[in-house]
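Engineer: Taking my numbering, the leading residue of the sequence shown gets 155, the next gets one more, and so forth. Glycine residues also receive a C-beta, built at the ideal position from the N, C-alpha and C atoms. Values in this document were obtained by computation on a predicted structure and should not be read as measured data. Please see the structure below; I have some questions.
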Amino acid sequence: MKKYLLTIALSAAVLIMTSCTGTYVVSSQPVRPNYVRPMAPGNGYIWIEGDWAYEGGNYRWHEGHWGRPRGHRNWQPGSWHQTNRGWSWQKGRWR
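See the structure below:
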């Protein structure tokens, strides 16, 4: 029973630690890839622009997708911000 509880506690700690996000800085902005936006799957969908994610020491592009609006909120695309240490990406979000 103690081993079981310890395993659960360690698993929860790892999950919490890996879900924390930080601000990652790179010396220059990556070049945004060109891709073709697919057709909307139906009426009422909005395009949610692609996003950069920090993976393996670099930012990697994740293509956009069609999604449903969330009430009266609007999608605000992510953007690059220059700091004294370099460039960091602020993820897109609903506002």
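Could you give the residue range of the beta strand (DSSP E) that holds N238?
Structural biologist: Looking at the DSSP string, N238 is not in any beta strand (DSSP E), and its letter there is neither H nor E.
Engineer: According to DSSP, E209 sits in a beta bridge with which residue or residues?
Structural biologist: DSSP, once it has assigned bridges, lists N212 as partnering E209.
Engineer: Assuming P195 and W220 make a contact with CB atoms under 8 Å, what is their CB distance in whole Å?
Structural biologist: Contact flag correct, Cβ pair sits at about 6 Å.
Engineer: Nearest-angstrom Cα distance between V185 and G198?
Structural biologist: Distance between the alpha carbons of V185 and G198: 31 Å.
Engineer: Report yes if the C-beta distance between H216 and G204 is below 8 Å; otherwise report no.
Structural biologist: Result yes, Cβ atoms of H216 and G204 sit closer than 8 Å.
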